[in-house]
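**Student:** Residues 23 to 195 in the working numbering are what the sequence shown lists, from first letter to last.
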Amino acid sequence: MERWRCIVGTLLTAWMAIPAAAAAQSQAITPGVSFRFGIERSAGQGGGATALTPLMVDASVRMWTDEATRIAWGGSLIAELNSGGAIGIAPRIELRHGLGDLELRPGAALPFFVAPMTMLGPELSAGVRLPLSHGFGLLGGLAVTMFLVGNNVPEDATLLQLTGSLGIDLALE
23 MERWRCIVGT LLTAWMAIPA AAAAQSQAIT PGVSFRFGIE RSAGQGGGAT ALTPLMVDAS
83 VRMWTDEATR IAWGGSLIAE LNSGGAIGIA PRIELRHGLG DLELRPGAAL PFFVAPMTML
143 GPELSAGVRL PLSHGFGLLG GLAVTMFLVG NNVPEDATLL QLTGSLGIDL ALE
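#1: What are the complete beta strand (DSSP E) segments, minimum 3 residues, inside the stretch 53–80?
#2: Buried or exposed: which applies to residue 108, given that a residue is buried once 16 or more other Cβ atoms fall within 10 Å of its Cβ?
#3: Alpha carbon to alpha carbon, what distance is there between residue 75 and residue 143?
#4: Let me check understanding here. Comparing Cα to Cα, which of 118, 114 and 154 lies closest to residue 83?
#5: Please name the residue, chosen from 182, 112 and 91, that lies closest to residue 136 on a Cα-to-Cα basis.
#6: Taking only the alpha-carbon atoms, compute the straight-line gap between residue 101 and residue 81 and give it to the nearest angstrom.
#7: Alpha carbon to alpha carbon, how far is residue 194 from residue 140? Give it in angstroms, no decimals.
#8: When you compare the stretch 85–95 with the stretch 58–72, are there three or more beta-carbon pairs, one atom per stretch, that lie closer than 8 angstroms?
#9: Looking only at its chain, what residues have a beta carbon closer than 6 angstroms to the beta carbon of residue 164, apart from the 5 residues adjacent to it on each side?
#10: Can you tell me whether residue 102 is helix, strand or coil according to DSSP?
#11: Between 154, 86, 71 and 59, which lies nearest to residue 123 when the distance is taken from Cα to Cα?
#12: So if DSSP puts residue 187 in a beta bridge, which residue, or which two residues, is it bridged to?
#13: In the structure shown, what three-state DSSP assignment does residue 176 receive?
#14: Which first and last residues belong to the beta strand (DSSP E) in which residue 118 is found?
#15: State the DSSP-derived secondary structure class of residue 145, mapped to helix, strand or coil.
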């Protein structure tokens with residue numbers, strides 16, 4: 023029950039952080055694709071095990087308005103490529119901070135794998151974007167995800183993943 027309270031609290035916090043739209047705002051949209059890979063650890067009362075995560079592709083869309091340029095929100099469609107083809111979605115919110123040519127993107131998400139298994143839990147990430155040319159950018163990042171519930175999470179256990187990602191996006195401003 024405590025896990026569900028944590029998940030609901032995370033969802034409500036993310037929802038309240040989304041800026042309200044105004045009539046005079048313009049919106050920037052940034053579609054992207056990245057590949058993720060890392061390690062995972064299952065820990066619970068019966069001990070734990072460490073393994074490599076499946077290779078995942080993450081197709082994302084981020085948006086922000088000209089009145090709230092520091093907050094990007096959007097989501098991802100996640101597909102595992104080498105372990106049964108699991109599919110998931112992840113609503114996401116990030117802060118955008120310029121540092122010279124780089125854009126730092128710390129953020130939070132709530133990944134939810136829906137088929138053929140279920141897993142749900144919070145994610146914290148730290149990303150960076152390096153602009154290339156014509157709106158394209160190179161993406162890199164690290165994420166820590168803690169899956170708390172689902173039929174693919176061992177009972178009385180938590181599945182913790184640490185993944186790195188590399189990809190590209192296109193800024194449509």
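Backbone N, C-alpha and C define an ideal beta-carbon position, used for all residues, glycine too.
**Tutor:** Result, derived from the coordinates:
#1: Whole beta strand (DSSP E) segments, 3+ residues: 69–74.
#2: Classification for residue 108: buried.
#3: Cα-Cα distance, rounded: 16 angstroms.
#4: Measuring from the Cα of residue 83, the nearest candidate turns out to be 114.
#5: Closest by C-alpha distance to residue 136, out of 182, 112 and 91, is 112.
#6: Their Cα atoms are separated by approximately 9 angstroms.
#7: Roughly 33 angstroms between the two C-alpha positions.
#8: In the pairwise beta carbon analysis, the stretch 85–95 is classified as not touching the stretch 58–72: fewer than three pairs are separated by under 8 angstroms.
#9: Excluding positions up to five away in sequence, the list reads 148 and 186.
#10: Residue state, collapsed to three classes: strand.
#11: Ranking 154, 86, 71 and 59 by Cα distance to residue 123 puts 154 first.
#12: Per DSSP, 58 and 163.
#13: Reduced to three states, the DSSP call for residue 176 is coil.
#14: Note, residue 118: premise wrong, no beta strand (DSSP E); not H, not E.
#15: It is a strand residue.
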